[in-house]
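Number of protein chains: 2
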Amino acid sequence: MNDDVRRAWAYLAAVAEPPCTPLIGLVDDLGPVEAANAIRSRSVPSAHRGVLRHTEARAATDTSGPDLDTCDRLGARLVTRDDPDWPAWQLLSLDRASTAARGGAPLALWARGPVPLPAVAERSVALVGSRAASSYGDYVAGMMAGDLVADGWTVVSGGAYGIDGAAHRSALAAGGRTAAVLACGIDRDYPAGHAQLLREIGERGAVLTEYPPGTTAAKHRFLTRNRLVAALSSAVVVVEAGRRSGAANTAAWAKRIGRPLGAVPGAVTSATSVGANAMIADGDAVLVVDAAAAVALAAPDGHDLKPESRSTAIDGLPRDQTLVLEALPARGGLTVDEIALVSGVRVADVLRALAGLDLAGLVDGSQGTWQLVR
Amino acid sequence: MNDDVRRAWAYLAAVAEPPCTPLIGLVDDLGPVEAANAIRSRSVPSAHRGVLRHTEARAATDTSGPDLDTCDRLGARLVTRDDPDWPAWQLLSLDRASTAARGGAPLALWARGPVPLPAVAERSVALVGSRAASSYGDYVAGMMAGDLVADGWTVVSGGAYGIDGAAHRSALAAGGRTAAVLACGIDRDYPAGHAQLLREIGERGAVLTEYPPGTTAAKHRFLTRNRLVAALSSAVVVVEAGRRSGAANTAAWAKRIGRPLGAVPGAVTSATSVGANAMIADGDAVLVVDAAAAVALAAPDGHDLKPESRSTAIDGLPRDQTLVLEALPARGGLTVDEIALVSGVRVADVLRALAGLDLAGLVDGSQGTWQLVR
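Top line first, the protein sequences correspond to chains H and Y.
Under the working numbering, think of the first position of the first sequence as 15, with each following residue one higher.
Under the working numbering, think of the first position of the second sequence as 15, with each following residue one higher.
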């Protein structure tokens, strides 16, 4: 990526408060450099006029230089929608019309840590819950995180006090992979008491955020961040949650975008389990008692989500079929247009490839979208 | 009931280990006196030859005299299938072919206490669980039992240590109605430490058993007794249960005969909640956090199961229609033959009454059996 393009992406990543679906549409149409210029000059194509409103406040303020300097200084990177490190299919669920209105995909992600983002999201369970966790919640989060990473799963959470912190710490202590999705800039240690923890996650796992450097944590950003926690995980497990809890918001996102949702039960006398028990009672969440149950939720048919096992299945197929097959997620389905986007195969060739894969019994299009046959 | 008939019933109630479906068939065909004579003389009709095997061991031992003396001395009563105090429709579920093979209805019940058996069963919740309950389980059982009786529900349980005892005691303390179903004779205080508790239940609620006086508690009798706990309740709630628990057997009976099943969640770190959590996780039980949730389970549409509200609905109907409507249970359906049995209306008249009720939108026969329309 040349500097102009990188500067354009950094400008675009800051010019509208994420998520901003109209902005993504503009960038998809014009490319990042043209899109940035159009916004700066307030002269966007009429089809994208909606972008003006979202970018009005910040269009004249270009922080892309300092933002990229901060990023470099921290050893972080700016990952964009056209980057091989972009977790494309995991985030596709946020692109769908029904969810984009309330959330939408991120335009770019700022990330640090040795683990590539698609690898973070490939085989991962989100453990989320109250900041004001009980010792029971801390214990269960720690136990599950340790067992999950021992089994090769990534533990995704939000870096907060309470359940999040217990999950991250236990994953690190077990020598496993963990990812923290922030509601502030990659340069911010929030909460301050987790500065050391976030540093360790950044050294051994992944810290990521859609907010440009310097962005402070704010209430609406926690809610916006929660959709990424859900989207980047194969399943979401609420370990402990009171009657009102941010975890309920993450859980709602999991349901909305089709991620399996679990919850850990607790004593009916415990205020910190009211929310988790209610999710189970209402049929929104499956009761989960341990890491094995979380894995069963994330990979319900015992299908191993590791990339190597998927590639084994497609040896010897024509190239387009291979690309199309690899574009399909382990769970859920994609439309032909989405497959074309993820695979980079033209729509006409996607259709031809799907026909071949359907004949071979490898894909199924009977549910309205195309999905892998198990 | 004259003495000969009463003696015959007492003889029959002891001559086979319950449950004994073939024996019920014989008594239905011959009446109690003839049936008792046939068994004593080992000359049963060929259609009922199966009875011989079940009665061989005890046919020559007639304890009916002393059993009825014991019964009278305790202020107890022998309730038989032709008695107005027989909880007919609640026990019908045990008569069905699919369940009779493994359990079957009781031939008779020995009972003491001021509450008639149909009233015990009309609006009741069974609270069951481990004998080795934790203080958490004891607390929750007590809280739920107190709230249930305050709301006019009967609390049914098995009189055992642990959850059962906590539920009975709390119901009594709240001035409410509770019933204990025993796995031994009505004259036995089992467990011995609950002698005083069972006495109080017998004075203010109901103690009942299908076992004749003198019968000792035995493992198989607990399992057999559990089906009556389930059948006599509008819903069953497992408050606390370990991995292996008698409560799981009661829960299995609830599922088998179509009673709603709930379970109280507990910490995943608590051995005494493993069973209850598993029932919820497996989708066998609904997660129940309090008495209100148990009531919602027992009367899911808010339909008040009190007899008075049912009778209000049927004012002004022809007599046969009234009887047929009253024969139908609050939940589940009955066949025409079962309705004839419960209502005392001839099959031909049941069919005519159902046709009228169907036209009036009061019953629905589309599910293979006839049920009330809510």
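In this text, a Cβ means the ideal position worked out from N, Cα and C, and glycines have one as well.
**Range covered by the beta strand (DSSP E) that runs through Y:Glu-254** = Membership of Y:Glu-254 in the beta strand (DSSP E) is indicated by the continuous run 249–254.
**Asked** Roughly how many angstroms lie between the CA atoms of Y:Gly-379 and Y:Arg-360, to the nearest whole one?
**Response** Distance between the alpha carbons of Y:Gly-379 and Y:Arg-360: 18 Å.
**Request:** Check the Cβ-Cβ distances between Y:Arg-324 and every residue of chain H, and say whether any is below 7 Å.
**Result:** With a pLDDT of only 39 at Y:Arg-324, under the threshold of 50, the placement of this residue in the model should not be trusted, and no figure is reported.
**Asked** For Y:Trp-124, does the three-state DSSP call read helix, strand or coil?
**Response** In the structure shown, Y:Trp-124 adopts extended strand secondary structure according to DSSP, grouped into three states.
**Item:** Within chain Y, the residues that H:Val-303 reaches when beta carbons sit closer than 9 Å
**Value:** The answer, in chain order, is Val-282, Val-288, Asn-291, Ala-292, Ala-295.
**Item:** Residue interval of the beta strand (DSSP E) (run including Y:Ala-199)
**Value:** Here residue 199 of chain Y turns out to be Gly, not Ala, going by the sequence shown. Per DSSP, Y:Gly-199 lies in no beta strand (DSSP E) segment and is marked neither H nor E.
**Request:** Could you tell me if H:Arg-63 is buried or exposed, where buried requires 16 or more neighbouring beta carbons within 10 angstroms of its beta carbon?
**Result:** Taking all protein chains shown into account, H:Arg-63 has fewer than 16 neighbouring C-beta atoms within 10 Å of its C-beta and is therefore exposed.
**Request:** Within its chain, find whatever has a CB closer than 6 Å to the CB of H:Arg-72; leave out the 5 residues flanking it on each side and keep chain order.
**Result:** Counting only residues of its own chain and dropping the five nearest sequence neighbours on each side, H:Arg-72 has a CB closer than 6 Å to the CB of Val-29.
**Request:** Quick one: grab the DSSP three-state call for H:Arg-366.
**Result:** Helix, per DSSP.
**Asked** Going by other Cβ atoms of all chains shown within 10 Å of its Cβ, with 16 needed for buried, is Y:Pro-32 buried or exposed?
**Response** With at least 16 other beta carbons inside 10 angstroms of its own, Y:Pro-32 counts as buried.
**Asked** Helix or strand or just coil, what does DSSP make of Y:Trp-23?
**Response** Y:Trp-23: helix per DSSP, three-state reduction.
**Message:** Among the candidates Y:Ala-262, Y:Leu-275, Y:Trp-267, Y:Arg-239, whose CA atom is the shortest distance from the CA of Y:Val-250?
**Reply:** Of the listed residues, the one whose Cα sits closest to Y:Val-250 is Y:Leu-275.
**Asked** Hey, is H:Tyr-175's beta-carbon within less than 7 Å of any beta-carbon in chain Y?
**Response** Not one chain Y Cβ lies under 7 Å of H:Tyr-175.
**Asked** Taking any Cβ of chain H, which residues in the region 358–379 of chain Y have a Cβ under 9 Å from it, in chain order?
**Response** Within the region 358–379 of chain Y, no residue has a Cβ lying closer than 9 Å to any Cβ of chain H.
**Nearest-angstrom beta carbon gap, Y:Ala-262 and Y:Ala-255 [assumed within contact, 8 Å]** = Confirmed, Cβ separation roughly 6 Å.
**Message:** Here's a check: name, in chain order, each residue in its chain whose Cβ is nearer than 7 Å to the Cβ of Y:Gly-179, leaving out the five neighbours to either side.
**Reply:** Only His-208, Leu-211 meet the Cβ criterion.
**Message:** With a threshold of 7 Å between beta carbons, is H:Tyr-204 in contact with chain Y?
**Reply:** Between H:Tyr-204 and chain Y, the shortest Cβ-Cβ separation is not below 7 Å.
**Item:** Own chain partners of Y:Leu-105 with C-beta closer than 6 Å, once the 5 adjacent residues on each side are dropped
**Value:** Here the set comprises Ala-119, Ala-245.
**Request:** Spatial neighbours of H:Ala-381 within its chain, please: CB distance less than 7 Å, with the 5 preceding and 5 following residues excluded, ordered by chain position.
**Result:** Reading the sequence as shown, one finds Gln at residue 381 of chain H and not Ala. If we look at H:Gln-381 and ignore the five residues flanking it on each side, its Cβ neighbours are Gly-347.
**Request:** Identify whether H:Glu-322 lies in helix, strand or coil by the three-state DSSP scheme.
**Result:** Only weak support is given to the placement of H:Glu-322: the predicted model assigns it a pLDDT of 37, under 50, and the value that follows is read from those uncertain coordinates. Looking at H:Glu-322 - three-state DSSP - the assignment turns out to be helix.
**Asked** So the beta strand (DSSP E) Y:Gly-276 belongs to, where does it begin and stop?
**Response** Segment 275–277, the beta strand (DSSP E) holding Y:Gly-276.
**Request:** Measure the C-alpha to C-alpha separation of H:Pro-101 and Y:Ala-146 and round it to an integer number of angstroms.
**Result:** Linking H:Pro-101 to Y:Ala-146 through their CA atoms gives a straight-line distance of about 51 Å.
**Message:** Can you tell me where the beta strand (DSSP E) holding H:Thr-223 begins and where it ends?
**Reply:** Note, H:Thr-223: beta strand (DSSP E), 220–223.
**Asked** From Y:Ala-188 to Y:Ala-140, what distance separates their C-alpha atoms?
**Response** Each residue's alpha carbon lies about 17 Å from the other.
**Message:** I'd like to check one pair, Y:Val-252 with Y:Ala-312: are the Cβ atoms closer than 7 Å?
**Reply:** Using a Cβ distance threshold of 7 Å, Y:Ala-312 and Y:Val-252 do not count as a contacting pair.
**Extent of the continuous beta strand (DSSP E) to which H:Leu-141 belongs** = Unbroken beta strand (DSSP E) run through H:Leu-141: 138–143.
**Message:** I need the straight-line Cα distance from H:Pro-226 to H:Ser-357, nearest angstrom please.
**Reply:** H:Pro-226 and H:Ser-357 have their alpha carbons spaced roughly 28 Å apart.
**Message:** Please tell me whether Y:Pro-59 and Y:Ala-22 are closer than 7 Å, where the distance is taken between their beta carbons.
**Reply:** For the 7 Å CB-CB criterion, Y:Pro-59 and Y:Ala-22 do not form a contact.
**Request:** Could you tell me whether the Cβ atoms of H:Leu-37 and H:Val-19 are closer together than 7 Å?
**Result:** The criterion of a C-beta distance shorter than 7 Å is not satisfied by H:Leu-37 and H:Val-19.
**Asked** Which class does H:Ser-78 belong to by DSSP, given the choice of helix, strand or coil?
**Response** DSSP, read as helix, strand or coil, puts H:Ser-78 in helix.
**Request:** Alpha carbon to alpha carbon, how far is H:Gly-156 from H:Arg-183? Give it in angstroms, no decimals.
**Result:** Rounded to the nearest angstrom, the two C-alpha atoms are 7 Å apart.
**Prompt:** Can you tell me where the beta strand (DSSP E) with Y:Thr-94 in it begins and where it stops?
**Reply:** Unbroken beta strand (DSSP E) run through Y:Thr-94: 91–94.
**Item:** Members of the region 213–235 of chain Y near chain H, C-beta cut-off 9 Å
**Value:** So the list is empty, because no residue satisfies the distance condition.
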